[in-house]
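Heads up, the thing below is written out as structure tokens.
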Amino acid sequence: MFALGGKDFRRESFVEFAEEIVHDSRDRELGMHRKITRRDFLNGIAMTAGAALMPWDLSAAGLGEEGQSPSLEKSPNYYPPALTGMRGSHPGSFDAAHSLRDGTFWDAAGKPKDTGETYDLIIVGGGISGLSAAHFYRKATGGKARILILDNHDDFGGHAKRNEFRVNNAFRVGYGGTYAIESPAPYSAIAKGVIQELGIDVPSYSQYLDGKLYRSLGMRSSIFFDKETFGADRLVVSLPTFGGGEKEYIASDNPEVWKQLQAEAPIAEQAKRDLERLHHEQVDYFPGQSSEEKKAKLARMSYAVFLKDIVKVHEDVIKLYQAVLQPTFGLGIDAISAQDGWGEDLPGFKGLSLDPTPGKGMNRDAIPNEEADKYFFHFPDGNATIARLLVRKLIPDAIPGEYPSDVVLAKANYAKLDDSGSPVRIRLNSTAVRVNHLGDAASAKEVEVTYACGGKIYSAKAKNSILACWHVVIPYICEELPDKQKEALASAQKVPLLYTNVLLGNWTSFQKLGANAVYAPGCYHTRFNLDHPVSIGGYQCARKPEEPIVVHMMKTPCHPGRPARVQHSMGRMELYTTTFETMERNIRDQLARTLGPGGFDPARDIAAITVNRWPHGYAYEYNSLFDSFWLEGGETPCEVARQPHGRIAIANADAGAYAYTDEAINQAYRAVGEITKS
Ligand SMILES: Cc1cc2nc3c(=O)[nH]c(=O)nc-3n(C[C@H](O)[C@H](O)[C@H](O)COP(=O)(O)OP(=O)(O)OC[C@H]3O[C@@H](n4cnc5c(N)ncnc54)[C@H](O)[C@@H]3O)c2cc1C
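With our numbering as the guide, the letters of the sequence shown map in order to residues 10 to 687.
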């Protein structure tokens, strides 16, 4: 027992007490007590004295039309892009779907209220696939078609979302999900056609990008070695192999950079020699075997195993590479095949003399394509611009303006999204809970769609329905589908991701340290970078280190050593159960430790935080380590999953098992074709 300040403490409680003091003082250093916008919109919900209210007035719940579901979007304050805190799959967006999954939804749901509405088409899912489906359907059937789009989120666009920030007189936009028009394979004529119809001139991109900005300020990509993983906190110049921002800013692979890395990286001496060997030695590890045989071997072992057992590098090298492909695959190198590592240009394969054609079972992301590489455009809000341009086409009053450039600053009028005067209506905060034919699927004339909104359920009818939502949801809402199809739909595990945007008052610390992008394989967010410097249509990016800027941070919650789908499922659970407070503490701590030597003070410099949580992120792409049909050949689950059923067709990027915007568009086109061909 100890006596402290006149108080007696048992030993354990003293230790706890001391830990609490240390914890509290670290929290103060990090600025956890500072008032930033997340305080006002904690977890995306405004906190007022003891009550949790949406930032817009709840009395707006009465704003729906007579006999219809409530329309929060009609509240004058309704403007989701400006919300901070927990966004992406925000609180309130998934309760109905999770209750369906858990089998509890219908216990308390009551009887649906018939809105009396009938449409030509009801689309479930307001992402790029759902919006494109509406666009294609109108083209196929004429501009008068009546279409209702339902989405469970408070904003449209699906993964293609935008985050807005205002600080002092500056206005900054960040991407909350989909980053750019880019795809590992060339865009199809259909997807390219939509981009052109929207007026986006992809080849003009270089006009808007200040490609020399960070270089001109002496900045390049760096690696942060953290003390928990590597024994010391240290920021060191990077190599091209670790990526980091766009190619303009990646550090070069010259002897000077190697010397610096070797001198400063806190890794074992053996690891330094192995890193050099891995990059520069040309060894044929499988002598006497053909290129095809070698690729077949590489397709069946992970890159981590290749490094450990074939190249036999020190474990520090494996730790260093662990997160290198996370942005693309949402997995560490323990779950990515060595063949895909080869395709992604990771080191170690030079001596194998592999012929450049793709090997069997290669992930489509790992197959290099020059034409596809050139087709790139990043708007400040990423592909939210595509979603906004599609909405402008469908409901012109909702997004003012005329050109793709003016859309960047255009303020969406959410009150116009679900307007009875408009042939196309987008109904947000509405989760489809049941989609069924009225009668037998083969002969029915109508489909009924039941949806949950504001704690009640409603139904509307249509001639057809397109399910452009996540495939894992479909078996729960469309029970009449064949079992084999439901099983295939359920196998489309989504890849969980966090896309965090942190608004900083300035970026002088980045400049002092000479880093614009940081790869941090052992940290909570394994990458972060200064906003991509794009100015377009009156929107100006930050050019001076003294100006506010958005820092983009990325995390994929992996659970190394397990099969890909298990890792995704565990990661999804992790994202749903981690509080915003924990995420914020991790963000502040990571930025402080990385940038502190450059003068960064998280308590002073962080002005706002928006965490875009995507437990259901990228579409699952097939992987030669875990999906034998992909390696050996055979029917893929997505082909089974996307079969039309009566008047119901199935879209979404999941339908192509390909996590890109072009696929969301391609699959919408196919689905519309299926319901309009007769
Ligand atoms: C973080 C992130 C970054 C990405 N970056 C890129 C990139 O740079 N370039 C690129 O090309 N692609 C990128 N992708 C992939 C790309 O965003 C997607 O392939 C594409 O946007 C998918 O569009 P979608 O309409 O098929 O699906 P989604 O965008 O997921 O839209 C489906 C919508 O359906 C809704 N929904 C689900 N269930 C229901 C229900 N029961 N009722 C109502 N609505 C429902 C969902 O909430 C969602 O809003 C990224 C994806 C993520 C997650």
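Note that beta-carbon positions come from the ideal geometry of N, C-alpha and C, so glycine has one too.
Nearest-angstrom Cα separation, counted from residue j out to residue i
{"i": "residue 505", "j": "residue 221", "result": "33 Å"}
{"i": "residue 633", "j": "residue 572", "result": "11 Å"}
{"i": "residue 118", "j": "residue 235", "result": "49 Å"}
{"i": "residue 509", "j": "residue 185", "result": "7 Å"}
{"i": "residue 123", "j": "residue 449", "result": "21 Å"}
{"i": "residue 80", "j": "residue 435", "result": "11 Å"}
{"i": "residue 497", "j": "residue 369", "result": "22 Å"}
{"i": "residue 663", "j": "residue 626", "result": "11 Å"}
{"i": "residue 371", "j": "residue 320", "result": "21 Å"}
{"i": "residue 99", "j": "residue 238", "result": "32 Å"}
{"i": "residue 108", "j": "residue 179", "result": "42 Å"}
{"i": "residue 407", "j": "residue 330", "result": "46 Å"}
{"i": "residue 155", "j": "residue 543", "result": "37 Å"}
{"i": "residue 283", "j": "residue 327", "result": "10 Å"}
{"i": "residue 58", "j": "residue 378", "result": "Any reading at residue 58 must be qualified, since the residue scores a pLDDT of 29, below 50, and its modelled position is unreliable; the value itself is stated next. Each residue's Cα considered, the two are about 56 Å apart."}
{"i": "residue 675", "j": "residue 197", "result": "8 Å"}
{"i": "residue 214", "j": "residue 386", "result": "6 Å"}
{"i": "residue 630", "j": "residue 351", "result": "17 Å"}
{"i": "residue 302", "j": "residue 364", "result": "11 Å"}
{"i": "residue 440", "j": "residue 483", "result": "12 Å"}
{"i": "residue 581", "j": "residue 598", "result": "23 Å"}
{"i": "residue 678", "j": "residue 146", "result": "8 Å"}
{"i": "residue 746", "j": "residue 507", "result": "The first residue shown for the chain is 10 and the last is 687, placing residue 746 beyond what the model contains."}
{"i": "residue 128", "j": "residue 458", "result": "11 Å"}
{"i": "residue 7", "j": "residue 133", "result": "For the chain, the structure presents residues 10 to 687; residue 7 sits outside this window and is missing."}
{"i": "residue 682", "j": "residue 467", "result": "28 Å"}
{"i": "residue 87", "j": "residue 423", "result": "7 Å"}
{"i": "residue 226", "j": "residue 388", "result": "23 Å"}
{"i": "residue 341", "j": "residue 567", "result": "7 Å"}
{"i": "residue 680", "j": "residue 94", "result": "36 Å"}
{"i": "residue 528", "j": "residue 300", "result": "33 Å"}
Identity of the residue in the options nearest residue i by Cα
{"i": "residue 34", "options": "612, 253, 361, 450", "result": "612"}
{"i": "residue 193", "options": "515, 681, 671, 168", "result": "671"}
{"i": "residue 120", "options": "464, 439, 476, 103", "result": "464"}
{"i": "residue 230", "options": "214, 251, 212", "result": "251"}
{"i": "residue 673", "options": "651, 640, 341", "result": "651"}
{"i": "residue 271", "options": "295, 246, 253, 393", "result": "246"}
{"i": "residue 228", "options": "663, 174, 585, 521", "result": "521"}
{"i": "residue 684", "options": "542, 454, 483, 499", "result": "454"}
{"i": "residue 513", "options": "485, 557, 526, 537", "result": "557"}
{"i": "residue 7", "options": "164, 324, 399", "result": "Outside the modelled stretch of the chain, which goes from 10 to 687, sits residue 7, for which no answer is possible."}
{"i": "residue 336", "options": "564, 101, 583, 606", "result": "564"}
{"i": "residue 525", "options": "367, 545, 551", "result": "551"}
{"i": "residue 561", "options": "621, 579, 585", "result": "621"}
{"i": "residue 479", "options": "338, 659, 535, 567", "result": "659"}
{"i": "residue 628", "options": "619, 588, 661, 616", "result": "661"}
{"i": "residue 511", "options": "223, 175, 294", "result": "175"}
{"i": "residue 318", "options": "682, 347, 489, 528", "result": "347"}
{"i": "residue 481", "options": "425, 144, 500, 467", "result": "500"}
{"i": "residue 82", "options": "438, 516, 97", "result": "438"}
{"i": "residue 531", "options": "333, 311, 491", "result": "333"}
{"i": "residue 471", "options": "159, 112, 91", "result": "159"}
Min CB distance residue i to chain B below 8 Å
{"i": "residue 517", "result": "Absent from the structure is chain B; it holds one protein chain and no more."}
Element boundaries [alpha helix (DSSP H), containing residue i]
{"i": "residue 325", "result": "324-330"}
{"i": "residue 268", "result": "264-273"}
{"i": "residue 678", "result": "670-685"}
{"i": "residue 103", "result": "Counting along the chain, residue 103 falls outside any alpha helix (DSSP H), and DSSP gives it neither H nor E."}
{"i": "residue 649", "result": "646-650"}
{"i": "residue 580", "result": "573-586"}
{"i": "residue 115", "result": "114-118"}
{"i": "residue 41", "result": "Careful: residue 41 lies outside any alpha helix (DSSP H) and carries neither H nor E."}
{"i": "residue 338", "result": "335-338"}
Residue i - containing beta strand (DSSP E), residue span
{"i": "residue 248", "result": "Per DSSP, residue 248 belongs to no beta strand (DSSP E) and is neither H nor E."}
{"i": "residue 126", "result": "122-133"}
{"i": "residue 564", "result": "558-564"}
(message) Quick check on the DSSP output: what are the complete beta strand (DSSP E) runs of length 3 or more inside the region 426-470, in order along the chain?
(response) Runs found: 433-436, 440-446, 456-462.
(request) Note down, one range per segment and in chain order, each beta strand (DSSP E) of at least 3 residues found wholly within the region 157-244. (result) Listed in chain order, they are 171-176, 179-184, 229-234.
(message) As an exercise, report each continuous alpha helix (DSSP H) stretch of at least 4 residues that is fully enclosed by the region 353-412, in chain order.
(response) Runs of the alpha helix (DSSP H) lying entirely within the region 353-412, each at least 4 residues long, are 379-383, 393-403 in chain order.
(request) Could I get the ranges of all uninterrupted alpha helix (DSSP H) runs contained in the region 272-316, with 4 residues as the minimum, in chain order? (result) For the region 272-316, whole alpha helix (DSSP H) runs of length 4 or above, ordered along the chain, are 278-289, 300-308.
(request) Tell me the start and end of each unbroken alpha helix (DSSP H) in the region 496-532 that is at least 4 residues and wholly inside, in chain order. (result) Secondary structure in the region 496-532: the alpha helix (DSSP H) runs of 4 residues or longer, each lying completely within the stretch, are 517-522 in chain order.
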